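Residue numbers (our numbering): 2 to 79.
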C-alpha cells in the first residue's frame with residue numbers, strides 16, 4: 002500500500018484527537034489505529050515513518066502516536 006493515503010488518514014485522525022483528548026492524544030491515536038486499521042496498514046505506515054523520518058509528512062501528534070504504537074507492539078511481542 003502506498004504511504005500517502007495512510008499519512009493523510011493518520012494526520013486527519015491526529016487532528017481530531019488533538020482537539021478532543023489533550024495530553025493523552027498520542028496514546029488515543031495509537032489505540033484507534035490498533036482497533037480500526039488492519040495490521041498491513043499499520044505496518045506500512047510504521048515502515049514509511051521509520052524510513053522517511055522528518056520527511057514522512059506526518060503532523061507531530063501522528064508521529065508521536067506511531068511511537069506509542071511501536072511501544073504497544075513491543076510490549077505485546079515481549
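Every residue gets a Cβ at the ideal spot worked out from N, C-alpha and C, and that includes glycine. As the structure is a prediction and not an experimental result, all values here were calculated from the model.
Which two residues bound the contiguous alpha helix (DSSP H) that contains residue 88? There is simply no residue 88 to check, as the chain begins at 2 and stops at 79 in what is shown.
Straight-line CA distance for residue 40 to residue 23? Rounded to whole angstroms, residue 40 and residue 23 show a C-alpha spacing of 26 Å.
Measuring alpha carbon to alpha carbon, tell me which residue in 4, 32, 3 is nearest residue 15. The alpha carbon of residue 15 has as its nearest neighbour, out of 4, 32, 3, the alpha carbon of 32.
By a C-beta neighbour count over all protein chains shown, 10 Å radius and 16 as the cutoff for buried, is residue 29 buried or exposed? Buried: at least 16 other Cβ atoms inside 10 Å.
Expressed to the nearest angstrom, what Euclidean distance is found between the alpha-carbon atoms of residue 52 and residue 45? One C-alpha to the other measures close to 11 Å.
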